[in-house]
Structure formats: C-alpha cells, structure tokens
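Asks: The sequence shown begins at 1 in full-length UniProt numbering and counts up one residue at a time.
Built from N, CA and C at the ideal position, the CB exists for glycine as well.
Remember, predicted model here, so these are calculated numbers, not experimental data.
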Amino acid sequence: MRTAKPSGFCFQYAESGACRFGSQCKYTHEESNKDQNNKALQSVPRNLTQSRKKPKGKGQEIKRPTDHIGDFFAQHPPFRHDSSAPIWSEFYRMCDDFDWGRHDPEMLEAKREFKSAMVLQFNGIYGKSERNMRSWKKLYRALNITPVPMDLNACRKIISKTHVNLVDLVDAPRTGASVMIFPSLTELQDYTIESGKFFPKSHAYAGGLLRLLLREILNARESLP
Numbered sequence: 001m002r003t004a005k006p007s008g009f010c011f012q013y014a015e016s017g018a019c020r021f022g023s024q025c026k027y028t029h030e031e032s033n034k035d036q037n038n039k040a041l042q043s044v045p046r047n048l049t050q051s052r053k054k055p056k057g058k059g060q061e062i063k064r065p066t067d068h069i070g071d072f073f074a075q076h077p078p079f080r081h082d083s084s085a086p087i088w089s090e091f092y093r094m095c096d097d098f099d100w101g102r103h104d105p106e107m108l109e110a111k112r113e114f115k116s117a118m119v120l121q122f123n124g125i126y127g128k129s130e131r132n133m134r135s136w137k138k139l140y141r142a143l144n145i146t147p148v149p150m151d152l153n154a155c156r157k158i159i160s161k162t163h164v165n166l167v168d169l170v171d172a173p174r175t176g177a178s179v180m181i182f183p184s185l186t187e188l189q190d191y192t193i194e195s196g197k198f199f200p201k202s203h204a205y206a207g208g209l210l211r212l213l214l215r216e217i218l219n220a221r222e223s224l225p
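(1) List in chain order: all unbroken alpha helix (DSSP H) runs of 4+ residues lying wholly within the region 171 to 197.
(2) Give me the residue from Met118, Ala142, Phe122 with the minimum Cα distance to Gly176.
(3) Could you compute how far the alpha carbon of Gly124 sits from the alpha carbon of Val167?
(4) Measure the CB-CB distance between His81 and Ala117 and report whether it falls below 9 Å.
(5) Could you tell me the alpha carbon to alpha carbon distance between Gly57 and Gly101, rounded to whole angstroms?
(6) Between the region 78 to 96 and the region 172 to 192, do three or more beta carbon pairs fall short of 8 Å?
(7) For His103, which of helix, strand or coil comes out of DSSP?
(8) Have a look at Thr186 and Arg112 and give me their C-alpha separation to the nearest angstrom.
(9) Could you pull out every unbroken beta strand (DSSP E) segment of at least 3 residues lying fully inside the region 61 to 89, listed in chain order?
(10) Could you check if Asn144 is buried or exposed, using at least 16 other CB atoms within 10 Å of its CB as the buried criterion?
(11) With a Cβ-Cβ cutoff of 9 Å, do Pro149 and His163 count as a contact?
(12) With a cut-off of 8 Å on the beta carbons, I'd call Ile159 and Glu216 a contact; round off their distance for me.
(13) Less than 8 Å between the CB atoms is what I'm expecting for Trp88 and Lys201, so what's the real figure, rounded?
(14) DSSP three-state label for Asp148, please.
(15) Per DSSP, His163 is paired with what?
(16) Can you tell me which of the three DSSP states Tyr205 falls into?
(17) Count the other C-beta atoms from every protein chain shown that fall within 10 angstroms of the C-beta of Thr146, then say buried if there are 16 or more, exposed otherwise.
(18) Please name the residue, chosen from Glu90, Gln75, Phe122, that lies closest to Ser195 on a Cα-to-Cα basis.
(19) Assuming Phe73 contacts Phe79 (C-beta within less than 8 Å), just tell me the rounded distance between them.
(20) Who are the Cβ neighbours of Leu210 in its own chain at under 6 Å, not counting the five residues just before and after it?
(21) Assuming the contact rule is C-beta atoms closer than 8 Å, Phe98 and Glu106 should be a hit. Round their C-beta distance to whole Å, please.
(22) Report the CB separation of Asn165 from Leu188 in whole angstroms; it is logged as a contact under 8 Å.
(23) Using a Cβ-Cβ cut-off of 7 Å (strictly less than) and excluding sequence neighbours within five positions of Cys155, which residues of its own chain qualify?
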C-alpha cells in the first residue's frame, strides 16, 4: 500500500529539475522555469504561494503561514535547525555540519534553494501585493513605524527613505528581535556585509511588495557618490 507524501515543496527539484532522493523524496516535485517568471510562479504549489480561501464560519481553523525556511532545512537531513535562530546563521551552521566548502556544488545548490525559501517566506509573512494596505500595515508594524499612513503613496514615500535589512524582516517573527532601521544606506551596507545577511536582488518568486522594496534599495545604491 502506497503512503501519501507529506505536504511540502522540494526546492532542490524546483531549482535544478532533479533531486538526489529521486522517487523516494518525501516532498512534492513541481516543475519550474527560472527563465520565465510567470511559469516559475505557476510551478509553485498553491498552498505555498497564497493562502487558501475558506468559507467564514464558526469553528474555522486558523492556519499559520507555511514555514518555507523549515521546509528547506527539513530537506537536508540529518541536520536539525533551530526555528528561533537567524536564518543565515542556521544555513552557515548546516554548511559546517556537512563540511561544505565555499565552492562545493552541494553548497551552491543548497544556497539557491535557500534563497527561494527566503523569498517565499517574505511573501508569506508580509504579503505579495504593493497595493494591499494590509501588507503595508504588517511591514510598518515590523518596523515599529507609527502611525501607518492612510494611503499607498505615503506608505511608499516613507519606506523609500527607510534603510532596513530585508533578512532581518524575515528573521523577526522567528527570533522576536526588533528590526533595526539604519540612518544611512552606507551603514546598512556595512551591517549587511559584516553580518552576512544578504537577500536575493531579484527572484522569480518575489511578489510586488518585495520587488518594490528591492527597487528602492538598488536605486538608493546607484545614487551613492
């Protein structure tokens, strides 16, 4: 009798079209095309990219957002990650456990998968649409900025002048730490390099809100003397 596979997304298969566990993999193998953003987004299982709508009513179960970071680490046994620790610290710890060098193919492949999980996790926490006030409210709450502007243009204007590390935004619900806001882009860059908390500059799975934040950061960098 065949047993059903547990729900989960095989990042290795999505990134490379192959999986070291083959048919024995516990996770779903979904096709992905990294050269075409739309196809890549369509390849992600519905339960990972958006919340399922259920009829409202008494006794409705409230589901927690999918833990894409946890799913990623679960696909690299026997490593057991700490769900309350910063994500990049856990990734580097996993590399040490597996004795992966900086240029080892296994490490580079895992890093690509990890970046996909990081982007999906951001979408799951803060939302995907830059036109959704609920997403902006979540972002402002994480940054402890009050009051939250009442219109979208004002939200964008304030954020464009706010220097924050995007990895810290993903870490915040895990670690409970406050997200630091830096007085200048130069200080943010120094912090990012020193801490190793790098976020993908672009990614097929990025939602509109994340793409807007990334554009603001890249535009600010280009304006530096």
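Replies: Judging by the given coordinates:
(1) 185 to 195
(2) Ala142
(3) 14 Å
(4) no
(5) The pLDDT assigned to Gly57 is 41, lower than 50, so where the model puts this residue is not dependable; a value taken from the coordinates is nonetheless given after this. So the alpha carbons of these two residues sit roughly 52 Å apart.
(6) yes
(7) coil
(8) 27 Å
(9) none
(10) exposed
(11) no
(12) 7 Å
(13) Incorrect: roughly 16 Å between the Cβ atoms, too far for contact.
(14) In the sequence on display, residue 148 carries Val and not Asp. In this structure, Val148 counts as coil in the three-state DSSP scheme.
(15) Phe182
(16) coil
(17) exposed
(18) Glu90
(19) 6 Å
(20) Phe122
(21) 7 Å
(22) 6 Å
(23) Trp136, Pro149
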